[in-house]
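Line by line, the protein sequences give chains E and G. At position 190 of the first sequence (counting the first as 1) the number is 190 in full-length UniProt numbering, and the numbers step up by one without a gap. At position 415 of the second sequence (counting the first as 1) the number is 415 in full-length UniProt numbering, and the numbers step up by one without a gap. The next block holds one structure in the form of structure tokens; read it before the comments.
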Amino acid sequence: MDAIILQILNGLDKGSAYALIALGLTLIFGTLGVVNFAHGALFMIGAFCAVTLSRILTLSRTTIDETQTDFLGNPLKVEVPYAHDFFGPVVGDALIDWAVPLAILFSIPVMLLVGFVMERGLIKHFYKRPHADQILVTFGLAIVLQEVIKYFYGANPIPTPAPDVFRGSFDFGAMVGFEANQIIYPYWRLVYFAFAALIIGAVFAFLQFTTFGMVVRAGMADRETVGLLGIDIDRRFTIMFGIAAAVAGLAGVMYAPINSPNYHMGMDFLVLSFVVVVVGGMGSLPGAVLAGFLLGILESFASMSAVIDLIPGINQVIIYLVAITILLTRPRGLMGRKGVMED
Amino acid sequence: MSKSNFTRRGVLRTGAMTAGGLALPTILTAASHSGFTNAPAGATVTLGFNVPQTGPYADEGADELRAYELAVEHLNGGGDGGMMGTFSSNALQGNGILGKKVEYVTGDTQTKSDAARASAKSMIEKDGAIMITGGSSSGVAVAVQALCQEAGVIFMAGLTHSNDTTGKDKRANGFRHFFNSYMSGAALAPVLEKMYGSDRKAYHLTADYNWGYTTEEAVKSSTEAMGWETVNTVKTPLTQTDFSSYIAPVLQSGADVLVLNHYGGNMVNSLTNAVQFGLRDKQVNGKNFEIVVPLYSRLMAKGAGANVKGIFGSTNWHWSLQDEGSKAFVKSFGTKYGFPPSQAAHTCYVQTLLYADAVERAGSFAPCAVAEALEGYEFDGLGNGKTLYRAEDHQCFKDVLVVKGKENPTSDFDLLEIVEVTPASQVTYAPDHPQFSGGALGTCNNGA
Chain E
1 MDAIILQILN GLDKGSAYAL IALGLTLIFG TLGVVNFAHG ALFMIGAFCA VTLSRILTLS
61 RTTIDETQTD FLGNPLKVEV PYAHDFFGPV VGDALIDWAV PLAILFSIPV MLLVGFVMER
121 GLIKHFYKRP HADQILVTFG LAIVLQEVIK YFYGANPIPT PAPDVFRGSF DFGAMVGFEA
181 NQIIYPYWRL VYFAFAALII GAVFAFLQFT TFGMVVRAGM ADRETVGLLG IDIDRRFTIM
241 FGIAAAVAGL AGVMYAPINS PNYHMGMDFL VLSFVVVVVG GMGSLPGAVL AGFLLGILES
301 FASMSAVIDL IPGINQVIIY LVAITILLTR PRGLMGRKGV MED
Chain G
1 MSKSNFTRRG VLRTGAMTAG GLALPTILTA ASHSGFTNAP AGATVTLGFN VPQTGPYADE
61 GADELRAYEL AVEHLNGGGD GGMMGTFSSN ALQGNGILGK KVEYVTGDTQ TKSDAARASA
121 KSMIEKDGAI MITGGSSSGV AVAVQALCQE AGVIFMAGLT HSNDTTGKDK RANGFRHFFN
181 SYMSGAALAP VLEKMYGSDR KAYHLTADYN WGYTTEEAVK SSTEAMGWET VNTVKTPLTQ
241 TDFSSYIAPV LQSGADVLVL NHYGGNMVNS LTNAVQFGLR DKQVNGKNFE IVVPLYSRLM
301 AKGAGANVKG IFGSTNWHWS LQDEGSKAFV KSFGTKYGFP PSQAAHTCYV QTLLYADAVE
361 RAGSFAPCAV AEALEGYEFD GLGNGKTLYR AEDHQCFKDV LVVKGKENPT SDFDLLEIVE
421 VTPASQVTYA PDHPQFSGGA LGTCNNGA
């Protein structure tokens, strides 16, 4: 029982990331009809927003410490962050420590801008082109973005820790009556899950309860009629592209402490997120979220050693097996609607 | 109604075709020469440096390339000569190799076997490289070593730690200076016993490929020999990035030590996850929970940040060593590039000098003559103390370092501290040791 609870908890944070990326993918697909293979790269850029802010906050001036020597025997160069000079050591250190949460604020304008430039500068020109072209151009863009990040940040993962108060884990098992040390869960993953739930809720509320959201939903259902009513739906869809980019970026920012960001982390998530979208039902936002959590939890279960011993290799294929099964039994995915991608 | 006019199947098919197209390996045509392969005819000789310039190990590849460039500079008489001044052999004079100026070409292994073979093949056939060296993965080393055997050139392996490189996949034209999984296990076990006692329960997470298996086997057998019990061994996919679902069950198993048989990005992520789960703050079976990383590299330690503090592992060489060879190398490398060299840089630099020296001593570039000069060769002054290139398997036997993540690092490069220098005798094994059985060197190949 405790092993099952543990894997459900584990699946939640991975599922949160899948759900957030798949949500953005579905938003873009539903509004603009573009299958955006560069969406994983947006997640990666989000994580690098956290890295960048952390680097900005730790920008340092160099002083020479005559009492110590470096590896060549020269006086040691000591780095003093400018944050100490500007805010004093206590506030300066607190800012550096809280770089990841602060990066949320930093990343929103950056991601909106990246999304806007991407849509206006490149993807816009491919709306009327065959979909194979769209996939190729967005996939190519993903590779370019990946290489740009690698050029500036190197190929190695960059450690980007969570604030001190969120490091370590708590004993969930002991809290609900199990033995100590049986179900432990890191604080930051709990934060990640709560954050994802908040973002998902906000996106749904935005679409459901605002006039803008209503117009977008109407446009998703029948773009032509909304256009005939004199509404500039294209502009709203461009804004939705920016919002989808921001959602992926925020997912990336908060993911940075879970796994040190590296330039190919977007690709690692991209393929699975597409499976999530297809399983959830193309164009269905609740489907994307549901499938994200479902596949995250299933992936966790499949990597239990008891399960691997029973079916070797299952951890590598479980998601695809489930995807095949769901598509065979429910060809439109879990919550897909009739008519989407079936013309 | 959606305005889309394509199908889900179509999208998936196009996606699969795109991915397949991108993965197509380069196909090159063969060419041959007379005498031995790529016999240098003019006043220069070309070496082929095959390192990861793109992909996850690109930074390690860049450090290897720096070391190679430094070695070429020293061989041609430039710079301060580095380890040429401390090397026990005096055959190298700083006038190139056999009087021929050393030039080099580089290839990108991408840390993929097919790409590495294609780039090595291109350097041999198009650029006339007489020797291939480099790499940052055992899969690549084994693949390129086999290619060099067929092509009739010498392969001086770079960073490759799997037992198989000089075990079941050894080749007469291939030579490895770097240490291996068995040596890591043999060096680590006594230190672990001293630090953590002989009554421990270990849980292994192992990268699901060749190097992972040999490392798991080596550490498992060395630690079991001193009384540890292995509770479980779990293979993790090489592409895994989040290890939480593998880490979480560790405490439930009753284990009090976690061994991470991971390298590169895998190690950075699994260690970060293990520390996030608070494993190191736990008490199990009345003891502190401990984590062990059998193969450390500076680049990995950098990626894992503060998480490596106090964690034991092994390494082939470290820049803080105080022997004359290491000091000379650190000085030339540090002066040229501004920071100390990594263990990958060290082994690549040393391999280049060893090759050049063997050619000088053999008086010929012919691979079989070079191989003969390297086999059973004993040397010193290259950073690991007295070293033997064993004839039976072309593996170097030398001291191995047990290191630990430093508590108070002073810079990005000062992340590990040496705990013990394990003498070569303690990590030496018989050529027919079970962990290395199943292959044969064969006969050396001079090529065309």
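We treat Cβ as the ideally placed atom computed from N, Cα and C, and that holds for glycine.
Residue burial is scored here from C-beta neighbours: E:Gln208 has fewer than 16 other C-beta atoms within 10 angstroms and is therefore classed as exposed. Listed along chain E, the residues sitting closer than 8 Å to G:Leu251 by beta-carbon distance are Asn181, Gln182 and Ile184. In the structure shown, E:Val35 adopts coil according to DSSP, grouped into three states.
C-alpha of G:Ser184 to C-alpha of G:Thr239: approximately 24 Å in a straight line.
Listed as beta-bridge partners of G:Tyr104 by DSSP are G:Leu47. A Cβ-Cβ separation of about 5 Å places G:Lys101 in contact with G:Thr44 under the 8 Å criterion.
Neighbours of E:Met304 across chain G, judged by C-beta separation under 8 Å: Ser245 and Pro249.
Taking G:Val359 as the centre and dropping the five residues before and after it, the same chain places the C-beta of Ile97, Leu98, Phe365 and Val370 closer than 7 Å to its C-beta, in chain order. In the three-state reduction of the DSSP assignment, E:Thr69 falls in the strand class, which pools E and B. Using beta-carbon distances, E:Lys128 does not count as an interface residue toward chain G, since no partner is under 7 Å. Going by DSSP, E:Ser169 is part of the beta strand (DSSP E) stretching over Ser169 to Asp171. Boundaries of the alpha helix (DSSP H) harbouring G:Gly212: Asn210 to Ala225, taken from the DSSP string. Taking a Cβ-Cβ threshold of 9 Å, the residues of chain E close to G:Asp281 are Gly168 and Ser169, in chain order.
Using a Cβ-Cβ cut-off of 7 Å, E:Ala103 is close to nothing in chain G; its nearest Cβ partner there is about 17 Å away.
The three-state reading of DSSP puts G:Cys396 in strand, counting E and B together. Taking 7 Å as the cut-off, the beta carbon of G:Cys348 is found closer than this to the beta carbon of G:Ala67.
Bridge partners of G:Leu205 according to DSSP: G:Val234 and G:Leu260. Judged by DSSP secondary structure, G:Arg117 falls within the alpha helix (DSSP H) whose first and last residues are Ser113 to Glu125.
Where G:Glu324 is concerned, the enclosing alpha helix (DSSP H) starts and stops at Glu324 to Tyr337. Using a Cβ-Cβ cut-off of 7 Å, E:Asp133 does not count as an interface residue toward chain G, since no Cβ of chain G sits closer than that to its own. In the three-state scheme derived from DSSP, where H, G and I count as helix and E and B as strand, G:Thr315 is classed as strand. By the beta-carbon neighbour count (other beta carbons within 10 angstroms, threshold 16), E:Met175 is exposed.
Between E:Ala47 and E:Pro261, the C-beta gap is smaller than 7 Å, which places the two residues in contact.
Exposure of G:Asp432 is indicated by the presence of fewer than 16 other C-beta atoms within 10 angstroms of its C-beta. Secondary structure at G:Lys282: coil, using DSSP grouped into helix, strand and coil. Contact between the stretch 90–108 of chain E and the stretch 45–65 of chain E is established, with three or more Cβ pairs separated by less than 8 Å. Measuring C-alpha to C-alpha distances from G:Phe339 to each of G:Ala39, G:Asn173, G:Ala362 and G:Phe413 identifies G:Phe413 as the nearest. Here G:Ser244 is buried. Its C-beta has 16 or more other C-beta atoms within 10 Å. As the crow flies, the alpha-carbon of E:Thr63 is around 16 Å from that of E:Phe86. Within the stretch 220–304 of chain E, the complete alpha helix (DSSP H) segments of 4 residues or longer fall at 223–228, 233–255, 265–280 and 285–302, listed in chain order. For G:Pro340, the neighbours in chain E by C-beta distance under 7 Å run, in chain order, Phe71. The CB of E:Ser300 comes closer than 9 Å to the CB of Ser244, Ser245 and Ala248 in chain G, given here in chain order. For G:Thr206, the closest Cβ of chain E is not nearer than 7 Å.
Note on geometry: alpha-carbon atoms of G:Tyr213 and E:Leu298 lie some 26 Å from one another. With contacts defined as CB atoms closer than 7 Å, G:Gly158 and G:Phe436 fail to qualify as a contacting pair.
For the options G:Tyr209, G:Ala41, G:Arg390 and G:Gly227, the alpha carbon positioned closest to that of G:Ala202 is the one of G:Gly227.
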